[in-house]
Amino acid sequence: MDFIKKRTLQSCIVILLIVTQSCNKLPEFDPLNFVRTNYEVDKRFDDSQTLNDQSPLPDIQVMSETYRVVGASDLHITGNSEQVERFFSYTEEEDPSLVLIVGDISNGLSHQMTSANNQFKAWNQLPSYFVAGNHDLFFSWSQYVQLFGSSTYTFTVHTPTATDLYIGLESGSGTLGKKQTAWLVEQLQKRYEYRHCIVFTHTNFFARQFDTNGIYTKEERMALLSLFAQYEVSMVISGHSHKENRTTFGNVHYITMPPLVDGGYMVFEVEESITTRTMQL
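Note that our numbering has the sequence shown beginning at 15, numbered continuously upward.
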C-alpha cells in the first residue's frame, strides 16, 4: 500500500472512531453518523423563535413550595419502545410537575422520529419539554420541529411564593451559534427576577477523560461556563455522553444524565435548593 493510500485509510479509521464515539460507545457502524443536517445552527434558532411567537410554551403553576421534575436523555427510540413505556410508568409514580427530555429522542430516521412522537402523544400525562440532540438532527430538522416543536425557549414554574426560570438550548451540533448565544445572554439578564435558573440542553459540558464525544470547542465552552457563573445559574442539565457526571464549577451544578436507552434517568426535587436522584428502570 503506497503512502497516500495508507494515510487516507488511517484518516478514515480515525474519523470513524471519533464520530461513532459521539455517544461514548463503539457501536456497529452506522452511516447516520456521517450525515448531518443542512440547516445551520442560526437557522434552527430562527425556526425555534418563529414557533415560540406562534405557539408559546405554557408555564406551570404548582400548589406547593416543593415540586418534582423528571429528566431523561438519550432515549434513542427506533420503534415502539417498551423501555419508554416503563419510563412513563415510573415517571407517573414519581408524580412530577413536568418532564425534561434533553435530546437524542430517536436515532434520527424519519419513521423513528414519528414513532417517538407517537409514544409521547399517546402518553400525554404530564407537561413534557424537549430539546434536540445530535441524532435528532441527522436527517431532518424540519421534521423534528414539526413533531417536537421549538428547541430554544424558556418557561417558568410558579410556586405560591417563588418563580423558577427554565431555559432550553439547542446544542445538537455542539455549538449554540451566535444568535442563540446572544438570546441566552438576554434571558440570563432577567435571571435575578427568579429563585432558580435551570438550563437544559443536550450536549454536556464536562466529559470523562479521553472523551471524543464532540462537546463544544474549548473557547465556546469556557465562555458559556463563565456566563453561567456570572449570572449564578442554579443548574445545567444535559446528556449526550451516555455516562452520568456531576460537577460543580463556579458555584453552578452541572448534571450529565445517564442514558434512558440503558435504563437511567433522574429525578430533581426543587425547593430552596435542588436535590438530584439517579434512577434505574
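We put the CB at the ideal spot given by N, CA and C, even for glycine.
Residue of the options minimising C-alpha distance to residue i
i: Ile-212; options: Phe-102, Ile-251, Leu-161 and Gln-97; result: Ile-251
i: Trp-137; options: Thr-261, Val-98 and Gln-160; result: Val-98
i: Lys-257; options: Tyr-279, Tyr-158 and Ile-181; result: Tyr-279
i: Ser-120; options: Phe-282, Gly-147 and Gln-139; result: Gly-147
i: Thr-270; options: Gly-117, Ser-154 and Thr-195; result: Gly-117
i: Ala-176; options: Asn-265, Thr-80, Asp-109 and Val-281; result: Thr-80
i: Leu-12; options: Gly-277, Ile-288, Met-293 and Val-281; result: For the chain, the structure presents residues 15 to 295; residue 12 sits outside this window and is missing.
i: Glu-184; options: Ser-156, Thr-128, Ser-165 and Ser-255; result: Ser-165
i: Val-171; options: Asp-61, Asn-265, Ser-78 and Ala-237; result: Ser-78
i: Val-199; options: Trp-155, Ala-221 and Glu-246; result: Glu-246
i: Val-275; options: Gly-253, Leu-241 and Tyr-208; result: Gly-253
i: Glu-283; options: Ile-229, Leu-190 and Leu-112; result: Leu-112
i: Asp-178; options: Leu-190, Ser-156, Gln-201 and Tyr-158; result: Gln-201
i: Ala-104; options: Leu-140, Lys-135 and Ser-69; result: The question names Ala, but residue 104 in the sequence shown is Tyr. Taking only the C-alpha atoms, the option nearest Tyr-104 is Leu-140.
i: Thr-128; options: Tyr-158, Asn-259 and Thr-292; result: Tyr-158
i: Ser-87; options: Gln-68, Ile-115, Ser-156 and Leu-151; result: Ile-115
i: Thr-292; options: Tyr-143, Phe-134, Gln-194 and Val-84; result: Val-84
Distance between residue j and residue i (C-alpha atoms, nearest Å)
i: His-267; j: Phe-102; result: 26 Å
i: Met-249; j: Gln-126; result: 31 Å
i: Thr-173; j: Thr-290; result: 19 Å
i: Thr-217; j: Glu-285; result: 26 Å
i: Ala-243; j: Asn-94; result: 40 Å
i: Gly-182; j: Thr-168; result: 6 Å
i: Thr-226; j: Val-55; result: Only weak support is given to the placement of Thr-226: the predicted model assigns it a pLDDT of 45, under 50, and the question is left unresolved by the model.
i: Gln-75; j: Phe-263; result: 31 Å
i: Val-145; j: Lys-192; result: 18 Å
i: Gln-203; j: Glu-96; result: 42 Å
i: Arg-205; j: Ser-187; result: 26 Å
i: Phe-214; j: Ala-196; result: 17 Å
i: Leu-295; j: Phe-153; result: 30 Å
i: Asn-38; j: His-149; result: Unreliable positioning characterises Asn-38 in this predicted model, as indicated by a pLDDT of 42, which lies under 50. The coordinate reading is nonetheless provided below. Those two C-alpha atoms are separated by around 14 Å.
i: Asn-131; j: Pro-273; result: 18 Å
i: Leu-239; j: Phe-219; result: 8 Å
i: Glu-234; j: Arg-58; result: 18 Å
i: Thr-64; j: Gly-163; result: 10 Å
i: Val-281; j: Ser-287; result: 14 Å
i: Asp-356; j: Arg-82; result: As displayed, the chain neither begins before 15 nor continues past 295, which places residue 356 out of reach and without an answer.
i: Ser-124; j: Thr-92; result: 10 Å
i: His-210; j: Lys-232; result: 27 Å
i: Arg-50; j: Gly-122; result: Unreliable placement is indicated for Arg-50, whose pLDDT of 40 sits below 50; no coordinate value is reported for it.
i: Leu-40; j: Asp-61; result: Legend: pLDDT at Leu-40 = 32, less than 50; position of this residue unreliable, value from coordinates given subsequently. Taking the straight line joining both Cα atoms gives about 33 Å.
i: Pro-72; j: Asn-66; result: 10 Å
i: Ala-221; j: Glu-106; result: 31 Å
Where residue i falls: helix, strand or coil (DSSP)
i: Gly-191; result: helix
i: Glu-283; result: strand
i: Ser-8; result: The first residue shown for the chain is 15 and the last is 295, placing residue 8 beyond what the model contains.
i: Gln-75; result: strand
i: Pro-70; result: coil
i: His-90; result: coil
i: Thr-177; result: strand
i: Thr-231; result: coil
i: His-149; result: helix
i: Tyr-104; result: helix
i: Asn-218; result: coil
i: Cys-37; result: Low local confidence applies: a pLDDT of 47 at Cys-37 is under 50, so the model's placement there is unreliable, with the coordinate-based value given in what follows. Here Cys-37 sits in helix by DSSP.
i: Thr-80; result: coil
i: Tyr-268; result: strand
Extent of the continuous alpha helix (DSSP H) to which residue i belongs
i: Arg-209; result: That residue, Arg-209, is in no alpha helix (DSSP H); it is neither H nor E in DSSP.
i: Gln-294; result: Not the alpha helix (DSSP H): Gln-294 falls in the beta strand (DSSP E), residues 288-294.
i: Tyr-158; result: 155-162
Where the beta strand (DSSP E) containing residue i begins and where it ends
i: Val-171; result: 167-172
i: Val-113; result: 112-115
i: Val-250; result: 249-252
i: Ser-142; result: 142-144
i: Asn-259; result: 259-263
Residue i: CB within 7 Å of a non-hydrogen atom of the ligand PLP
i: Leu-65; result: Ligands displayed in this structure: none; no statement on the ligand PLP is therefore possible.
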